[in-house]
Structure formats: C-alpha cells, structure tokens
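This report concerns only the one structure given below.
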Amino acid sequence: MTSKFCVMVGAALLLATSAAQAQVKPPAKPTEPGGRWGQTKEKAAEIGTQPVRDVGLSKREIPPILEKAYNDTYSVKGLRTCVALANEIKALNAVLGPDYQVGNEYSENRAGKLAEAGGKAVVNSIIPFRGLVRELTGAAPNDRHMNAVVDAGLARRGFLRGVHLKQGCKTKF
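Taking mature numbering (1 follows the signal peptide of the UniProt record, and there is no 0), I'd label the letters of the sequence shown as residues -22 to -1, 1 to 151.
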C-alpha cells in the first residue's frame, strides 16, 4: 500500500470516529459498554478490517447461542421455568443488543452515518471486483450465514418473550 492511500484510509476512519461522536442528541442510555466512544471504535475497527474479511483471512465468530437459535428456533426444551426463559432471553440480548421497546424515541446521528458510509466506500474500494472476490474466498457465504443466524436469534428472542408472557412470568430480562 502506498503512504498516500494509508493516509486516505486513516483520514476516513478518523472522520468516521469524530463525526460519530458529535451526536446532537445523546441516547438515553448507552447500549454497549464504553458508550458512544466504544461504539465508534468498534464501528471503525469493523470498517477497517473489512478487506481482511473480504479475502477470507479473517472470519467473524458466531456466538453459540445464535447457532443454537439457528438450529432450533422454536424449541423450549429445558426452558420450563420463568428463570430459565429469562436467562435464555438475557443470553440472546447479550449478543443481539437490546430488544425493541415500545415508546423509545428514535434518533439518528446523520453526520456519523455519512462518515461511516464514506469510510466504508474508501475501504471497500481497496479490492477490485470485490463481489467476485468475496464469493471466491467464501466471505460472502459466511456473511449470509451470519445474517441468517442473527435473524434466527431475533426470531427466537421474540418467541421466548411470547412464551414468557404467556406463562405469566414476572422475572426480568
């Protein structure tokens, strides 16, 4: 890589991190440890490591709870008690993030999203014929599988919340 290119990538990532921090309205509660700064660093790292994943040198690890959800989304085996249901929902929340809550106000960080899109555009332009490379290296099928297990995890969490409600459970998750 040329030094000019490295400077461009570094500037894009710096722009993404600084603009994402400049939210007009902070969220009511941080959704992740480290708050907004932790989320910004995580997003910048994800963008920066995308080319490595594209060529198949790195894969995202799939949490076992999501593989379990993918393999048997609507099973209640071993989840007869309210505590067991709540623990399973907590485990899913830990990997999926917080669940949808009625009444939460939606706010978007437009500057952060623009910076993120710019950073992705710069980083993703590194690999010519990126789509073909991703298919050949197995990165695209891995991403499709990751999307499928996340979808299954979301479906399982919703299902378990329904079972929890139906059983009249009062345990918190």
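Built from N, CA and C at the ideal position, the CB exists for glycine as well.
Does the Cβ-Cβ distance between residue i and residue j come in under 8 Å?
i, j, result
"Thr51", "Phe151", "no"
"Lys37", "Asn125", "no"
"Lys134", "Ala47", "Per the sequence presented here, residue 134 reads as Arg, with Lys not at that position. Closer than 8 Å, so yes."
"Gly131", "Leu44", "yes"
Taking the continuous alpha helix (DSSP H) assigned at residue i, which residues delimit it?
i, result
"Asn49", "Pro42 to Asn49"
"Val61", "Cys60 to Leu74"
"Thr115", "Arg108 to Thr115"
Spell out whether any CB of chain D is found under 8 Å from the CB atom of residue i.
i, result
"Glu113", "In the structure shown, chain D cannot be found, because there is only a single protein chain."
Measuring only the C-alpha atoms, how far is residue i from residue j?
i, j, result
"Gly97", "Gln145", "47 Å"
"Thr149", "Asp129", "25 Å"
"Val(-16)", "Val127", "Unreliable placement is indicated for Val(-16), whose pLDDT of 39 sits below 50; no coordinate value is reported for it."
"Val2", "Ala117", "Low confidence applies to Val2: its pLDDT is 31, below 50, so where it sits in the model is not reliable enough to give any reading."
"Asn49", "Gly90", "36 Å"
"Ile67", "Thr59", "13 Å"
"Leu114", "Arg31", "12 Å"
Since I believe residue j is in contact with residue i (beta carbons under 8 Å), could you give me their beta-carbon distance rounded to a whole number of angstroms?
i, j, result
"Lys21", "Glu94", "6 Å"
Legend entry - Cβ contact (3+ pairs, closer than 8 Å) linking the stretch 122 to 141 and the stretch 43 to 61: Touching, yes, given that three or more Cβ pairs across the two stretches are closer than 8 Å.
Inset, instruction - Specify whether the stretch 68 to 88 and the stretch 104 to 119 touch according to this definition: at least 3 beta carbon pairs, one from each stretch, less than 8 Å apart. - result: Touching, no, given that fewer than three Cβ pairs across the two stretches are closer than 8 Å.
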